[in-house]
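Trainee: Structure below; questions to follow.
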Amino acid sequence: TQLLEQSPQFLSIQEGENLTVYCNSSSVFSSLQWYRQEPGEGPVLLVTVVTGGEVKKLKRLTFQFGDARKDSSLHITAAQPGDTGLYLCAGGSNYKLTFGKGTLLTVNP
Amino acid sequence: DSGVTQTPKHLITATGQRVTLRCSPRSGDLSVYWYQQSLDQGLQFLIHYYNGEERAKGNILERFSAQQFPDLHSELNLSSLELGDSALYFCASRGGTNYNEQFFGPGTRLTVL
Numbered sequence: 007t008q009l010l011e012q013s014p015q016f017l018s019i020q021e022g023e024n025l026t027v028y029c030n031s032s033s034v035f036s037s038l039q040w041y042r043q044e045p046g047e048g049p050v051l052l053v054t055v056v057t058g059g060e061v062k063k064l065k066r067l068t069f070q071f072g073d074a075r076k077d078s079s080l081h082i083t084a085a086q087p088g089d090t091g092l093y094l095c096a097g098g099s100n101y102k103l104t105f106g107k108g109t110l111l112t113v114n115p
Numbered sequence: 055d056s057g058v059t060q061t062p063k064h065l066i067t068a069t070g071q072r073v074t075l076r077c078s079p080r081s082g083d084l085s086v087y088w089y090q091q092s093l094d095q096g097l098q099f100l101i102h103y104y105n106g107e108e109r110a111k112g113n114i115l116e117r118f119s120a121q122q123f124p125d126l127h128s129e130l131n132l133s134s135l136e137l138g139d140s141a142l143y144f145c146a147s148r149g150g151t152n153y154n155e156q157f158f159g160p161g162t163r164l165t166v167l
């Protein structure tokens with residue numbers, strides 16, 4: 007069974023701070039997706055990484071896929087209240103996604 | 055807007071009842087995935103359909119069933135409902151530049167009283 011562990015589970019910071027959240031697994035994935043979910047809504051795809059060591063940037067968000075394709079990180083620079091939400095990572099393999107339980111981020115003004 | 059539609063948005067029913075949740079994938083997508091999300095379990099994969107055929111099953115209870123119709127919309131049927139079935143139910147369709155990318159609908163919040 008493939009499992010993804012995300013840490014921290016909860017994170018509360020002030021506007022303007024930087025943060026990093028982690029997604030770790032003992033399994034190798036062919037791709038890794040990051041999603042952001044707001045309360046009562048569906049997850050929204052942020053990025054897909056597929057190559058070990060790959061780094062992708064989306065404005066103030068930086069995503070990295072581990073060299074062995076087992077782990078990933080999401081770094082947010084100068085967080086804003088609009089970044090508040092549940093960040094989910096999902097490992098892709100054989101047309102199926104395995105989700106972590108997420109990091110609930112709160113950015114206080 | 056992901057292009058995936060789900061109805062209804064909210065559903066309140068009683069234990070022992072049966073409900074049907076509906077999903078239409080993005081235009082051009084042939085795959086539909088169903089997920090259940092609860093506070094303690096996170097997002098759990100239930101079942102996957104591709105072009106009308108069941109492709110994979112996850113943690114789906116025997117009381118639950120699904121199908122995908124020729125027009126590619128899908129329905130998830132939940133029967134003999136229990137309090138513990140209260141959750142958010144999402145469908146997703148697969149497409150995009152990577153074959154693992156899934157795009158989620160807005161979900162159906164099911165409350166069983």
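Order-wise, the sequence lines are chains A and B.
Note that the working numbering has the first sequence beginning at 7, numbered continuously upward.
Note that the working numbering has the second sequence beginning at 55, numbered continuously upward.
Just so you know, even glycine gets a beta-carbon here, dropped at the ideal spot from N, CA and C.
Remember, it's a predicted structure, so these values are computed and weren't measured experimentally.
Can at least three beta-carbon pairs, one atom from the region 85–94 of chain B and one from the region 142–149 of chain B, be found at a separation below 8 Å?
Mentor: The region 85–94 of chain B, when compared against the region 142–149 of chain B, does touch it at the 8 Å Cβ threshold.
Trainee: What are the boundary residues of the beta strand (DSSP E) that A/E11 is part of?
Mentor: It spans E11 to S13 - the beta strand (DSSP E) in which A/E11 sits, taken as one unbroken run.
Trainee: Which residues share a DSSP beta bridge with B/G159?
Mentor: Paired residue(s): none; B/G159 is not in a bridge.
Trainee: Nearest to A/L92 by CA position, among A/K102, A/T112 and A/T54, is which residue?
Mentor: A/L92 has its Cα closest to that of A/T112, out of A/K102, A/T112 and A/T54.
Trainee: Consider the Cβ of A/G98: report whether some Cβ of chain B lies at a distance smaller than 7 Å.
Mentor: Yes, contact with chain B.
Trainee: Out of curiosity, what's the CA-to-CA distance linking A/I19 and A/N114?
Mentor: Going by the C-alpha atoms only, they are around 6 Å apart.
Trainee: Exposed or buried, which one is B/F158 when buried takes at least 16 other CB atoms within 10 Å?
Mentor: Result: buried.
Trainee: Name the residues in the region 26–43 of chain A whose C-beta lies less than 9 Å from a C-beta of chain B; which are they?
Mentor: Listed in sequence order: F35, S36, S37, L38, Q39, Y41 and Q43.
Trainee: Would you say A/P123 reaches chain B, if we count a Cβ-Cβ gap shorter than 7 Å as a contact?
Mentor: Any property of residue 123 of chain A remains undetermined from this structure, which presents chain A solely from 7 to 115.
Trainee: Taking CB distances under 7 Å as the criterion, tell me whether A/T57 reaches chain B.
Mentor: No, no contact with chain B.
Trainee: Can you give me the Cβ contacts of B/R109 inside the same chain, cut-off strictly under 6 Å, excluding the 5 residues immediately before and after it?
Mentor: Around B/R109: H102.
Trainee: Do B/A120 and B/L130 count as a contact pair if the criterion is CB distance below 7 Å?
Mentor: Yes, Cβ-Cβ distance for B/L130 and B/A120 is below 7 Å.
Trainee: Would B/G161 and A/G48 be called neighbours here (beta carbons separated by less than 7 Å)?
Mentor: Yes, the pair counts as a contact, with Cβ atoms nearer than the cut-off.
Trainee: Suppose the cutoff is 6 Å on Cβ atoms and the five residues either side in sequence are ignored; what does the same chain contact list for B/F118 look like?
Mentor: Contacts found: L132.
Trainee: When you compare the CB of A/L103 with every CB in chain B, is at least one pair closer than 7 Å?
Mentor: Cβ-Cβ to chain B under 7 Å: yes for A/L103.
Trainee: Is the Cβ-Cβ distance between A/L52 and A/R66 less than 7 Å?
Mentor: No; because the gap between Cβ atoms is not below 7 Å, this pair is not in contact.
Trainee: Comparing alpha-carbon positions, which option in A/T26, A/E60 and A/N24 lies nearest A/S36?
Mentor: Ranking the options by Cα distance to A/S36, first place goes to A/E60.
Trainee: Determine, using beta carbons only, whether A/E47 comes closer than 7 Å to chain B.
Mentor: Closer than 7 Å to some Cβ of chain B, the Cβ of A/E47 qualifies, so yes.
Trainee: Suppose you measure from the CA of B/S128 to the CA of B/L100; what does that come to, to the nearest Å?
Mentor: If I take the Cα positions, the gap works out to 13 Å.
Trainee: Ends of the beta strand (DSSP E) at A/H81?
Mentor: A/H81 -> beta strand (DSSP E) spans D77 to I82.
Trainee: Hey, quick one: how far does the beta strand (DSSP E) through B/T74 stretch, first residue to last?
Mentor: Taken as a continuous stretch (DSSP letters only), the beta strand (DSSP E) holding B/T74 covers V73 to S78.
Trainee: Classify B/R147: buried if its beta carbon has 16 or more other beta carbons within 10 angstroms, exposed otherwise.
Mentor: One detail in the question is off: residue 147 of chain B reads as Ser in this sequence, not Arg. B/S147 is buried by the Cβ-count criterion.
Trainee: Using C-beta distances below 7 Å, list every residue in its chain close to B/D139, excluding the 5 sequence neighbours before and after it, in chain order.
Mentor: Cβ within range, chain order: L132, L164 and V166.
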